[in-house]
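Undergrad: Mind looking over this structure? Questions follow.
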Amino acid sequence: MIENRLGGRTGVFGFALLAITLLAAAGCKKEVVAAPPPPPAVTVAKPIFREVIEWDEYTGRLDPVESVEVRARVSGYIERADFHEGGVVKAGDVLFVIDARPFEAQLAKAQADVQRAQAQQAYSENEFKRLEGIRSSGVASELELENARQRMKEGEAAVASAQADVREMQLNVDWCKVTAPISGRISRKNVTPGNLVNGGTGNTTLLTTITSTDPIYCYIEADERSVLKYQKLASEKKRVSARDSAIPCFLGLSNETGFPHQGMVDFVDNRIDPATGTLRARGVFDNSDNYLLAGMFARVRIPGSGRYKTLLVPDAAVGTDQNQKFLLVAGPDDIVQYRLVKLGALFDGARAIEEGVTENDRVIINGRQRARQGTKVTPTEVAFDANISLTAPGSPATQQLPPTTRPTNASTAAPTTAPN
């Protein structure tokens with residue numbers, strides 16, 4: 008019996024020891040802590056300094072340098088219309104032919120009047136010479152001589168008048184051939200052969216119109232805020248004035264990428280239109296291939312500043328916090344720093360930074376969504392090389408712009424400008 012009791016106690020003791028061992032093992036497992044994840048990987052790049060130019064963009068309309076209405080200068084019936092409607096004509100080309108027979112008859116009559124006047128003038132001159140020769144003998148009186156002189160002068164005037172009539176009649180004959188006053192593209196025939204047209208200076212008949220094609224104008228309207236910005240920069244010698252110097256401008260049509268057509272600003276109006284609050288300016292563009300048509304809408308860019316150097320970062324690296332812009336920077340210890348920045352203009356995907364970072368800061372450009380302020384990151388540094396052009400994007404890089412210094416107040420940029 009004693010053995011049974013000892014055996015039972017031993018079994019209980021063993022079971023208790025096993026339970027303690029299991030609990031101890033379980034306690035050891037709870038004390039094992041998982042290794043923390045590594046800091047998130049990000050890509051960083053240092054801002055760069057580049058020379059840039061801000062570009063202001065406007066909407067313009069193409070307009071011909073010359074535009075004329077071809078009208079009849081004499082009345083008559085149209086015999087021919089010798090041109091291809093919508094084609095290109097040269098100055099001096101015959102466009103319409105008016106029946107010239109009535110005017111040729113008038114010319115012949117005027118020429119006959121000249122001959123009659125010349126004969127009368129010759130007779131008066133001979134009569135005067137005859138009386139002058141016999142005046143000394145007392146046969147001709149002074150009164151007769153004076154009357155002869157008067158008739159001779161009247162004859163000379165009659166000849167001049169008849170000759171003027173001939174020139175007038177000759178003009179009428181010449182005007183029966185209506186020629187192109189300028190070279191350009193001609194419109195349709197408003198009058199066809201067989202119709203009567205009115206000439207002269209009153210209610211004359213419009214035959215057709217011609218617009219020049221090369222070069223071609225493009226008119227833009229600059230708002231008052233932009234005008235004030237340009238004047239301020241010009242007064243500070245930071246941008247040349249279009250009134251004083253040749254300013255390049257670049258043009259693109261609605262179906263074109265960029266601004267492939269280069270021209271110059273050749274005119275700025277003398278007052279702001281009170282109805283629109285804008286100032287009209289004009290660019291002139293080469294159009295030797297006749298690709299640009301009068302009346303087309305176009306996108307036009309002009310320099311909104313002079314050349315200046317600025318700090319640039321990828322625009323994709325800029326974050327928005329309500330109404331504020333910020334950059335995330337990897338500090339010397341790879342701890343993420345939150346920097347509020349003041350933005351400048353946008354240049355081909357690169358954003359100008361006026362305040363907030365320096366060229367030695369490491370800006371997080373990729374992996375920003377994994378970075379948190381005050382946390383550590385694993386940065387991989389790459390070189391940021393902005394491809395900034397000093398001409399308008401998509402334009403021929405042939406125009407050298409005058410170097411100037413940085414504008415003092417970038418916030419004066421017009422709302423219609425390219426920077427956003």
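Under this note's numbering, the first residue of the sequence shown is numbered 8, with each subsequent residue one higher. Glycine included, each C-beta is placed from N, C-alpha and C at the ideal position.
Would S194 and T215 qualify as a contact pair, given that the criterion is a beta-carbon distance under 8 Å?
TA: Cβ distance < 8 Å, so S194 and T215 count as in contact.
Undergrad: Is DSSP giving L318 helix, strand or coil here?
TA: If DSSP states are grouped into helix, strand and coil, L318 belongs with the strands.
Undergrad: Do the segment 252 to 263 and the segment 104 to 120 meet, that is, are 3 or more Cβ pairs less than 8 Å apart?
TA: no
Undergrad: Would you be able to state if there are at least three C-beta pairs under 8 Å between the segment 61 to 70 and the segment 303 to 314?
TA: yes
Undergrad: Please list, in chain order, all residues of the same chain as L114 whose beta carbon is under 8 Å from its beta carbon, the five residues on each side excluded.
TA: V173, M176, Q177, N179, V180
Undergrad: Rank E366, V320, T218, T387 by C-alpha distance to the C-alpha of R358 and give the top, closest one.
TA: Put simply, of E366, V320, T218, T387 the residue whose alpha carbon is nearest the alpha carbon of R358 is V320.
Undergrad: What ranges does the beta strand (DSSP E) occupy inside the segment 255 to 292, keeping only unbroken runs of at least 3 residues that lie completely in it?
TA: 268 to 275, 285 to 292
Undergrad: Could you work out which residue in V384, T212, A155 is closest to A129 when comparing CA atoms only?
TA: Among V384, T212, A155, the Cα nearest to that of A129 is on A155.
Undergrad: Taking the C-alpha atoms as reference points, what is the distance between I223 and S252?
TA: 20 Å
Undergrad: CB of A249 to nearest heavy atom of the ligand ATP: below 7 Å?
TA: This structure does not include the ligand ATP; it has no bound ligands of any sort.
Undergrad: Judging by CA-CA distance, which residue of A323, E388, G83 is the nearest neighbour of F354?
TA: A323
Undergrad: From Y315 to A48, what does the alpha carbon distance come to, in whole angstroms?
TA: 35 Å
Undergrad: Per DSSP, L350 forms a beta bridge with which residues?
TA: Paired residue(s): I360.
Undergrad: Please tell me whether M335 and I371 are closer than 8 Å, where the distance is taken between their beta carbons.
TA: In the sequence on display, residue 335 carries Leu and not Met. Yes. Within cutoff.
Undergrad: Taking its Cβ as the centre, do 16 or more other Cβ atoms sit within 10 Å of K236, making it buried, or is it exposed?
TA: buried
Undergrad: If we require 3 or more residues per run, which beta strand (DSSP E) segments fall completely within the segment 29 to 113?
TA: Counting whole runs of 3 or more residues, the segment 29 to 113 contains the beta strand (DSSP E) stretches 48 to 52, 55 to 59, 62 to 71, 74 to 78, 83 to 88, 101 to 105.
Undergrad: Which residues in the same chain as V98 place their Cβ atom closer than 6 Å to its Cβ, once the five residues preceding and following it in sequence are excluded?
TA: Note that residue 98 is Ala in the sequence shown here, rather than Val. So the qualifying residues of the chain are A187, I189, S190.
Undergrad: Considering only C-alpha positions, which residue in the set F266, D70, A52, P44 is nearest to A288?
TA: D70
Undergrad: Comparing C-alpha positions only, which one of S248, A42, R123, S131 sits nearest to D276?
TA: S248
Undergrad: Starting from E388, trace the alpha helix (DSSP H) in both directions and tell me its first and last residue.
TA: Looking at the DSSP string, E388 is not in any alpha helix (DSSP H); the run it does join, the beta strand (DSSP E), is 385 to 388.
Undergrad: Is it the case that the Cβ atoms of G83 and C183 are separated by a distance below 8 Å?
TA: yes
Undergrad: With 16 as the cutoff for other CB atoms within 10 Å, does G93 come out buried or exposed?
TA: exposed
Undergrad: Tell me the residue span of the alpha helix (DSSP H) that contains Q380.
TA: Here Q380 belongs to no alpha helix (DSSP H), and DSSP marks it neither H nor E.
Undergrad: Between G290 and G311, what straight-line distance do the alpha-carbon atoms span, to the nearest angstrom?
TA: 15 Å
Undergrad: Could you tell me the boundaries of the alpha helix (DSSP H) in which V234 lies?
TA: 231 to 242
Undergrad: Quickly, what does DSSP pair Q331 with across the bridge? List them, please.
TA: D328
Undergrad: Assuming G363 contacts V384 (C-beta within less than 8 Å), just tell me the rounded distance between them.
TA: So it is not a contact: roughly 19 Å between Cβ atoms.
Undergrad: By Cβ distance below 8 Å, which residues in the same chain neighbour E366 in space, the five residues on each side in sequence not counted?
TA: K53, P54, I55, F56, L318
Undergrad: Under 6 Å Cβ to Cβ from V185, same chain only, skipping five residues before and after it: list those, please.
TA: L102, F103
Undergrad: Whole angstroms is fine: what's the gap from K160's alpha carbon to S131's?
TA: 8 Å
Undergrad: What did DSSP end up calling E228 once you bin it into helix, strand or coil?
TA: strand
Undergrad: Can you tell which of K245, T218, E153 has the C-alpha that lies nearest to the C-alpha of K136?
TA: Checking every option, the nearest Cα to that of K136 belongs to E153.
Undergrad: Output the boundary residues of the beta strand (DSSP E) element that contains N294.
TA: No beta strand (DSSP E) holds N294; DSSP gives it neither H nor E.
Undergrad: What residue does the beta strand (DSSP E) around D193 start on, and which one ends it?
TA: Per the sequence presented here, residue 193 reads as Ile, with Asp not at that position. Run containing I193: 191 to 193, per the beta strand (DSSP E) assignment.
Undergrad: Decide if N205 is buried, meaning its Cβ has at least 16 other Cβ atoms within 10 Å, or exposed.
TA: exposed
Undergrad: For R246, does the count of other Cβ atoms within 10 angstroms reach 16, so buried, or fall short, so exposed?
TA: buried
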